[in-house]
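Reading through the structure tokens given below for one structure.
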Amino acid sequence: MIERCCAFTGHRPKKFPWGYNEADIRCVTLKKAITEEIVKRVDAGYTDFLSGMAEGTDTWAALAVLALKKENPALKLHCVLPCEGQADEWSASARELYFSILEQADEIVYVNREYSKNYMLKRNRYLVDHAACLLAVYNGEQRGGTAMTVRYARKLGREIIALNPNMVMTTTQNVCDS
-6 MIERCCAFTG
4 HRPKKFPWGY
14 NEADIRCVTL
24 KKAITEEIVK
34 RVDAGYTDFL
44 SGMAEGTDTW
54 AALAVLALKK
64 ENPALKLHCV
74 LPCEGQADEW
84 SASARELYFS
94 ILEQADEIVY
104 VNREYSKNYM
114 LKRNRYLVDH
124 AACLLAVYNG
134 EQRGGTAMTV
144 RYARKLGREI
154 IALNPNMVMT
164 TTQNVCDS
């Protein structure tokens, strides 16, 4: 399975200038770019997609896979959760979306059942260990979970597709200005 599998990593909404405003043109453009990259992987023969189901990038990528799955039922969404209570502190709307995605997933994997000190790191390593490709929405910061996941994927020699949200935003601004 690993050779046909792509995992997702990326920032949460607080790292983006638009925050939780998904109607912002920059967010809309980023989600479109994520979908386009997933379609490229599907066209290259990928059938399995792993999402860590954090807010932001992970859920947007999971939603894109679920939308594509309607046209291509061979696609599989695997939700890899760091622990059972991952969404406990999220807003009601974020939890509703989270559980809606989980209900539609082909598989749910719990890296840990309960919270532990390194639960996110274990989840991120699981994603990379089980995928040939990592699609990362990554702004280039050297600290944080996304940076660590990209470094780990590089260390293991995985293919990395990096979407820099700042570059996507620049492209959007140029299109809107012309």
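Heads up: the sequence shown at position 37 corresponds to 30 in this note's numbering, and the numbers run straight through without jumps.
For glycine and all other residues, C-beta sits at the position ideal for the given N, C-alpha and C.
These figures come from a predicted structure and were not determined experimentally.
Checklist entry - Going by DSSP, which residues form a beta bridge with residue 155? => result DSSP links residue 155 through a beta bridge to 129.
Checklist entry - Given residue 140, which residues of its chain have a CB within under 6 Å of its CB, disregarding the five upstream and five downstream residues? => result 134
Checklist entry - What does residue 92 pair with, by DSSP beta-bridge criteria? => result According to DSSP, which records beta bridges pairwise, residue 92 is partnered with nothing at all.
Item to check | residue 108, buried or exposed, once every other Cβ within 10 Å from all chains shown has been counted against 16 | outcome: exposed
Next on the checklist: Starting from residue 17, trace the alpha helix (DSSP H) in both directions and tell me its first and last residue.
Outcome noted: That residue, residue 17, is in no alpha helix (DSSP H); it is neither H nor E in DSSP.
Next on the checklist: Restricting to runs no shorter than 4 residues, where is the alpha helix (DSSP H) found entirely within the region 68 to 126?
Outcome noted: 85 to 97 and 112 to 122
Checklist entry - By the 10 Å Cβ neighbour count, where 16 or more other Cβ atoms means buried, how is residue 164 classified, buried or exposed? => result Because residue 164 sits at a pLDDT of 42, beneath the cut-off of 50, its placement in the model cannot be relied upon, and the point is left open.
Checklist entry - Would you say residue 80 and residue 70 are within 8 Å of each other, going by their C-beta atoms? => result Residue 80 places its beta carbon 8 Å or farther from that of residue 70.
Item to check | Given 8 Å, three or more beta-carbon pairs between the region -3 to 12 and the region 94 to 108 | outcome: Because the criterion of three Cβ pairs below 8 Å is not met, the region -3 to 12 and the region 94 to 108 do not touch.
Checklist entry - For residue 122, which option in 146, 67 and 136 has the closest C-alpha, if you only look at C-alpha atoms? => result Ranked by Cα distance from residue 122, the options 146, 67 and 136 are led by 146.
Item to check | Per DSSP, the bridge partner or partners of residue 42 | outcome: -1 and 70
Item to check | Spatial distance of residue 150 from residue 66 (CA atoms) | outcome: Approximately 29 Å, taken between the alpha carbons.
Next on the checklist: For residue 84, tell me which candidate among 63, 47, 103 and 132 has the shortest Cα-Cα distance.
Outcome noted: 47
Next on the checklist: Taking the alpha helix (DSSP H) that residue 138 belongs to, which residues open and close that run?
Outcome noted: 138 to 148
Checklist entry - Looking at the structure shown, is residue 236 part of a helix, part of a strand, or coil, going by DSSP? => result Outside the shown range of the chain, which is -6 to 171, sits residue 236, and nothing can be said about it.
Item to check | Presumed contact (8 Å Cβ cut-off) between residue 120 and residue 154, rounded CB distance | outcome: Contact doesn't hold; Cβ gap of about 14 Å is too wide.
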